[in-house]
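Residue 1221 is where the sequence shown starts when you use our numbering, and the numbers rise one by one after that. Backbone N, C-alpha and C fix where the C-beta goes; we use that ideal spot for every residue, glycine too. Here the structure is a predicted model, which is why all the values come from computation and not from measurement. Comments concern the structure below.
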Amino acid sequence: MAGVVGYSVSLRVQQATQMIRDNQITLSEAVTWWTTGVGVAEAGTVPAALGAELQARLAAFADAFAAANAEEEGPG
């Protein structure tokens, strides 16, 4: 397997948080979303493979964010 590179991509979102049930508890940084991926690419295609993997992970975050923050439709 000459010329093959293994890679790992990890993406996480960290933000300040506060407990809902006890607003006296705050965390300066908490991981609120994360994803990982691994793959193998030929040496000449590593930048493109990493870029595609990162784009896929960012799209997954965008979809998760949109779903979690969608306004629920109500009557009328």
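Considered as a whole, the segment 1234-1271 harbours 1246-1262 as its complete beta strand (DSSP E) runs of no fewer than 3 residues, in chain order.
Contact fails between the segment 1279-1295 and the segment 1237-1248, because fewer than three Cβ pairs, one in each stretch, are under 8 Å apart. As computed with DSSP, Gly1226 is found in a beta bridge with Val1260. As the crow flies, the alpha-carbon of Thr1237 is around 26 Å from that of Gly1257. The beta carbon of Leu1274 is closer than 8 Å to those of Val1229, Leu1231 in its chain, skipping five residues each way along the sequence. The beta-bridge partner set that DSSP reports for Arg1232 consists of Trp1254.
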